[in-house]
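Encoded as structure tokens, the structure appears first; notes follow it.
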Amino acid sequence: MAAKSPPSVPKTKSPGSIANSRDETQGQWGRAWEVDWFSLASVIFLLLFAPFIVYYFIMACDQYSCSLTAPVMDVATGRAHLSDIWAKTPPVTKKAAQLYALWVTFQVLLYMALPDFCHKFLPGYVGGVQEGAVTPAGIVNKYEINGLQAWLITHLLWFANSHVLSWFSPTIIFDNWIPLLWCANILGYAVSTFAMIKGYFFPTSAKDWICSAARTAAASSGAGSPRSSSACTRRQMGKSITASSWCRASGAWPATSTTRAT
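See below:
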């Protein structure tokens, strides 16, 4: 389940609290923004082809009695065309969209209304309020980790409905499987795209925008290091400030870093 920042003010790591070994891995969004080409290619492959792979499995079960080779053989031998397979695929339906919206709303309510209690009795489980990744400005947000709890409550209600409540058919997911698959993919890509755009263009903290822009400008200017000075400026509180200088003053960049004239 996605995580939410609690009302408490996020803390900013000071230069002394950030080890030198972390200087070069701080300053971009995400925990691992410097990766090898294999990892990068793997992530891109998953982003591009994961929905198609899932669709292929679902289509094989729906149209070919779960045979994974029959669709390929039919297309290869000309007995079927891709357009024929696609024409038999159920589209998004109003009922599926309503079911999915209701389920997402229920999960959001579980996340926002019920703090995690699983970590209090499950040994080794890391739940409750936890720290997230360091942002470009050195801010560490805190998040409520209660996904396992929401999962357990959802399944308990599901079994209660199947045996006692009878609010809906236990086969409701199976009956709307492929339309629900489309809904899940649409929402997943929409939320991921929004989160990336928000992080880069209008983050929760303005400090992250300034420091992220400064580091990007430093890299594009050939400075080769986020510690270098840059001409990236931003107007804040009526004054034009140098982003790199502001980030150092705020503690996002090490104050002892060597600067290079640009």
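Everything in the sequence shown is counted per full-length UniProt numbering, starting at 1 for the first residue and increasing by one. Every residue, glycine too, gets a C-beta built ideally from N, C-alpha and C.
Counted within 10 angstroms of its Cβ, other Cβ atoms place residue i as buried (16 or more) or exposed
i           : result
Glu131      : exposed
Asp84       : exposed
Ala142      : According to the sequence displayed, residue 142 carries Lys and not Ala. When all chains shown are included, Lys142 counts as buried.
Leu187      : exposed
Ile44       : exposed
Asp36       : exposed
Trp209      : buried
Gly224      : Note on Gly224: pLDDT 47, under 50, position unreliable in the model; the coordinate value appears next. With fewer than 16 Cβ atoms within 10 Å of its Cβ, Gly224 is classed as exposed.
residue 264 : Past the edges of the chain, shown from 1 to 262, lies residue 264, and the structure says nothing about it.
Leu48       : exposed
Lys207      : buried
Assumed close pair residue i, residue j - CB separation to whole angstroms, cut-off 8 Å
i      : j      : result
Val75  : Leu82  : 6 Å
Tyr100 : Cys211 : Rounded, the Cβ-Cβ distance is 37 Å, inconsistent with contact.
Leu181 : Ile58  : 6 Å
Beta-carbon proximity of residue i to residue j, cut-off 7 Å
i      : j      : result
Gly128 : Asp116 : yes
Pro179 : Ala96  : yes
Ala41  : Gln107 : no
Leu156 : Cys118 : no
Leu110 : Ile173 : no
Trp167 : Asn161 : yes
Pro71  : Ala60  : yes
Lys88  : Gln63  : yes
For residue i: DSSP bridge partner residues
i      : result
Gln130 : Tyr143
**OP:** Please confirm if the stretch 133–151 is in contact with the stretch 202–213, defined as three or more CB-CB distances below 8 Å between the two stretches.
**Re:** yes
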